[in-house]
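A.B. asks: The structure under discussion is supplied below as structure tokens; questions concerning it will follow.
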Amino acid sequence: MSDHFFAGSFGGDNAKIDDGTRLECKICWYVYDPAEGDTYWQIPTGTPFAKLPEHWTCPNCDGAKDGFLVLDDETHG
1 MSDHFFAGSF GGDNAKIDDG TRLECKICWY VYDPAEGDTY WQIPTGTPFA
51 KLPEHWTCPN CDGAKDGFLV LDDETHG
């Protein structure tokens with residue numbers, strides 16, 4: 001399944017992430033942080049990326065969920 005995704009892409013594989021994982025849009029670099037949620041889509045704080053609705057897209061550029069990149073939080077803190 002992940003053969004056609006960039007290395008580090010979420011690709012729809014929930015096994016790659018946990019409830020606190022932050023992900024970044026590969027198009028505009030918007031970061032979805034579960035601790036913050038998403039005011040544009042009215043996603044409450046504490047909502048894991050895996051629990052976002054199927055229709056959710058990047059609030060900045062409309063990029064698809066499966067194209068988001070998994071952030072290594074050890075380098076972003």
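Each residue of the sequence shown is one higher than the last, beginning at 1 in my numbering. Positions of the beta carbon are idealized from the N, C-alpha and C atoms, including for glycine. As the structure is a computational prediction, the values presented were derived from the model and not from experiment.
If contacts are defined as beta-carbon pairs under 8 Å, then residue 33 and residue 22 qualify, I think. What distance do you get, rounded to the angstrom?
C.D. replies: About 5 Å separates the two Cβ atoms, so the contact holds.
A.B. asks: Could you have a look at residue 64 and say whether DSSP puts it in helix, strand or coil?
C.D. replies: strand
A.B. asks: Please determine, among 29, 9, 12, 14, the residue with the shortest C-alpha to C-alpha distance to residue 62.
C.D. replies: 29
A.B. asks: Identify the continuous beta strand (DSSP E) that holds residue 24 and give its terminal residues.
C.D. replies: 23–25
A.B. asks: I need the straight-line Cα distance from residue 69 to residue 24, nearest angstrom please.
C.D. replies: 5 Å
A.B. asks: Judging by CA-CA distance, which residue of 47, 64, 48 is the nearest neighbour of residue 55?
C.D. replies: 64
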